[in-house]
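Below is one structure, written out as structure tokens; the observations come after it.
Numbering (full-length UniProt numbering), first residue to last: 1 to 337.
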């Protein structure tokens with residue numbers, strides 16, 4: 001081998017070694033920056049009333065396009081600060097962040113699962129409510145010179161998604177909501193619906209309509225639309241309806257003097273208010289009385305009246321196991337139209 005070739009080979013080997021060293025160093029630095037940012041995000045989220053606890057990931061590396069790719073992301077997250085809700089165990093198989101040329105980044109997430117953590121862990125770790133997302137593609141703001149501003153904007157928009165299911169970000173999602181209703185497994189497909197300048201999470205309405213036969217009283221068209229437009233609340237809404245129907249039916253069978261219809265409406269509205277507040281509880285109860293329900297106007301007014309009593313019981317701090325006792329002696333409860 002000539003001297004010139006030896007020099008070229010030496011330079012090539014040196015460049016390869018330097019490239020490997022730089023790549024390893026960049027990945028080490030990326031790992032440290034990522035973990036620091038995770039801690040920062042959790043702290044800022046807490047100030048906004050969003051829970052992000054124990055955030056971590058298994059590994060991070062630069063891809064061939066110099067985009068960071070994380071594997072094995074985990075966290076314990078809680079929902080909107082505007083409602084009382086459970087904690088969720090978040091697991092993500094893989095996520096990548098691709099750089100754009102317009103101060104935006106393209107976030108792609110694969111294999112995301114949110115499992116609701118049971119409030120009674122001695123019985124089981126998770127409930128039957130779960131959100132399974134195969135893939136998310138989302139464009140979000142990015143400015144390497146102002147990371148704190150980006151974090152705050154991301155958290156603000158994240159709060160909107162959790163609270164209202166809407167975002168101004170371009171969004172694609174392939175996923176489903178999983179739960180059980182009337183002891184039957186249920187899967188509801190997620191969708192993204194454009195609404196002006198916003199994108200809204202929604203359920204496929206046909207999936208919700210298919211659940212109607214499970215209930216004693218079928219879902220009205222207004223109920224279907226409301227549940228479909230609140231996918232992150234859907235499983236709980238369906239299960240609260242199930243709970244009110246089941247408990248009122250059993251109580252009436254045990255004691256015929258229990259006004260089953262009144263108890264069902266009162267307990268249902270009580271549970272809705274406890275979960276989502278007065279305004280949304282009223283929206284749900286009213287949706288059940290809209291359209292072709294088969295009820296007379298007098299029956300409709302009676303049901304709405306008893307709904308209001310259920311919300312009032314919740315506001316007064318009456319315990320759930322005391323609701324039946326109170327309504328049995330409450331002269332305001334309407335038992336007949």
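The beta carbon of each residue, even a glycine, is placed where N, CA and C say it ideally should be.
Values in this document were obtained by computation on a predicted structure and should not be read as measured data.
Coarse secondary structure for residue i, derived from DSSP in three states
i, result
"residue 320", "helix"
"residue 15", "At residue 15 the pLDDT is 45, less than 50, meaning the model places this residue with poor confidence; the figure from the coordinates comes in the next sentence. Here residue 15 sits in helix by DSSP."
"residue 40", "helix"
"residue 112", "strand"
"residue 308", "helix"
"residue 48", "coil"
"residue 56", "strand"
"residue 189", "strand"
"residue 218", "coil"
"residue 35", "helix"
"residue 202", "strand"
"residue 287", "helix"
"residue 62", "strand"
"residue 298", "helix"
"residue 210", "coil"
"residue 168", "coil"
8 Å Cβ shell around residue i - same chain, five flanking residues per side excluded
i, result
"residue 248", "258, 260, 261, 263, 264 and 267"
"residue 166", "160, 195, 198, 199, 200 and 201"
"residue 54", "74, 75 and 76"
"residue 60", "27, 30, 31, 34, 68, 69, 70 and 71"
"residue 39", "55"
First and last residue of the uninterrupted beta strand (DSSP E) at residue i
i, result
"residue 177", "171-181"
"residue 98", "87-99"
"residue 137", "126-141"
"residue 69", "68-78"
Straight-line Cα distance separating residue j from residue i
i, j, result
"residue 21", "residue 62", "Because residue 21 sits at a pLDDT of 41, beneath the cut-off of 50, its placement in the model cannot be relied upon, and the following sentence gives the value as read from the coordinates. Residue 21 and residue 62: Cα-Cα distance of roughly 13 Å."
"residue 330", "residue 317", "16 Å"
"residue 332", "residue 242", "25 Å"
"residue 77", "residue 85", "11 Å"
"residue 296", "residue 334", "15 Å"
"residue 301", "residue 233", "26 Å"
"residue 250", "residue 149", "54 Å"
"residue 168", "residue 336", "48 Å"
"residue 244", "residue 112", "32 Å"
"residue 246", "residue 182", "9 Å"
"residue 97", "residue 37", "14 Å"
Cut-off 6 Å between Cβ atoms - residues of its own chain near residue i, not counting five sequence neighbours on either side
i, result
"residue 226", "287"
"residue 110", "93, 94 and 135"
"residue 311", "269, 273, 278 and 281"
"residue 137", "108 and 172"
"residue 214", "181 and 182"
Where the alpha helix (DSSP H) through residue i begins and ends
i, result
"residue 249", "231-254"
"residue 152", "147-164"
"residue 269", "260-276"
Beta-carbon proximity list for residue i, same chain, < 7 Å, skipping 5 on both sides
i, result
"residue 180", "128 and 186"
"residue 118", "124, 125, 126 and 127"
"residue 175", "131, 132, 133, 134 and 190"
Exercise. Count the CB pairs spanning the segment 251-259 and the segment 194-208 that are closer than 8 Å, and state whether there are at least three.
Key: no
Self-check item: Inter-stretch contact (C-beta, 8 Å, three-pair minimum) for the segment 148-160 and the segment 38-50
Solution: Enough Cβ pairs lie closer than 8 Å, so yes.
Exercise. Report yes or no: do the segment 186-199 and the segment 222-240 share at least 3 C-beta pairs separated by less than 8 Å?
Key: yes
Quiz item: Does the segment 137-150 come within contact of the segment 101-114, defined as at least 3 CB pairs closer than 8 Å?
Solution: yes
Quiz item: Is the segment 213-230 touching the segment 286-303, taking contact as three or more C-beta pairs under 8 Å?
Solution: yes
Quiz item: Contact between the segment 299-311 and the segment 270-289: three or more CB pairs below 8 Å?
Solution: yes
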